Amino acid sequence: ERHDGRGEFRCVEADTIDMAHEVETNQYLGLIVCTLWGLVWVEERNAALDETLAQMEEGRPYRILVDMIGASCANESLETSAEYARRLASERRLKGCRIAYLYPEGARVNIAVEKLAEARDFKFRRFATTTDALDWLLSPPTRIKPVPALEQQDEPDAITLLAGLRSGRWVA
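Taking this note's numbering, I'd label the letters of the sequence shown as residues 5 to 176.
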């Protein structure tokens, strides 16, 4: 465990030399940072997702940053990409989480996973800078303000009246 002034972090690193990822959790902020590096296959992403899910408290929405600044996605088969996209979209614990993917400009991204997961209503955003990703992740949720009710008019104004008469909707 590692502590700092902002809360407690738990750091879990992959046990094998072939796995190139780490997962850090700040329970106070509800923030999980999953960092991957090198050439990343879906197998690696699955292992990182397993570790991320293991650190999540049941029923609590998290802010998840998937940091791929030092990584690039391997060319996977469409079947493998579709299987991983299906897993992302169907994972109950990810629903309600705010998820940001961080890729450097021009990075090799597995577009098939992104598009297939998006089509299955998996919600995420992609960013090119850590600052932008964290600003979005840590900002309060936006709420849509209700549209104010239209004021009820007793009599139509002159323009509405003329338009109605011209269109034949009203007869004088």
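Note that the Cβ used here is the ideal one computed from N, Cα and C, for glycine as well. Keep in mind that this is a model prediction, so the values were computed, not measured.
Among the options, the one whose alpha carbon lies nearest that of residue i
| i | options | result |
| --- | --- | --- |
| Arg124 | Glu95, Ala75 and Gly110 | Glu95 |
| Tyr32 | Lys99, Arg67, Cys38 and Phe128 | Arg67 |
| Leu98 | Pro144, Ala24 and Glu61 | Glu61 |
| Thr135 | Leu120, Arg112, Tyr105 and Phe126 | Tyr105 |
| Ala51 | Ala116, Asn30 and Tyr88 | Tyr88 |
| Ala24 | Ala58, Ile73 and Asp139 | Ile73 |
| Ala75 | Thr84, Gly110, Leu82 and Glu83 | Gly110 |
| Tyr107 | Arg129, Arg90 and Glu122 | Arg129 |
As assigned by DSSP and simplified to three states, the class of residue i
| i | result |
| --- | --- |
| Glu61 | coil |
| Glu5 | Residue confidence is low: Glu5 scores 39 on pLDDT, short of 50, so the model does not pin down where it sits. Its coordinate-derived value is still stated next. The answer is coil: DSSP assigns Glu5 none of H, G, I, E or B. |
| Ala111 | coil |
| Asn79 | coil |
| Thr56 | helix |
| Arg96 | helix |
| Tyr105 | strand |
| Trp45 | coil |
| Leu141 | helix |
| Arg67 | strand |
| Arg129 | strand |
| Leu33 | coil |
Where residue i falls, given that 16 or more other Cβ within 10 Å makes a residue buried
| i | result |
| --- | --- |
| Ala132 | exposed |
| Leu141 | buried |
| Gly63 | exposed |
| Leu53 | buried |
| Arg49 | buried |
| His102 | Sequence inspection shows Arg at residue 102; the His mentioned does not correspond to that position. Under this definition Arg102 is a buried residue. |
| Ala58 | exposed |
Whole-Å CB distance - residue i paired with residue j, under 8 Å assumed
| i | j | result |
| --- | --- | --- |
| Leu69 | Ala137 | 6 Å |
| Glu80 | Trp45 | 7 Å |
| Glu55 | Val27 | 4 Å |
| Ala86 | Leu35 | Ala86 to Leu35, Cβ: 29 Å. No contact. |
| Val37 | Asp71 | 6 Å |
| Pro144 | Gly100 | The pair is not a contact, with the Cβ atoms about 15 Å apart (cut-off 8 Å). |
| Asn114 | Cys77 | 4 Å |
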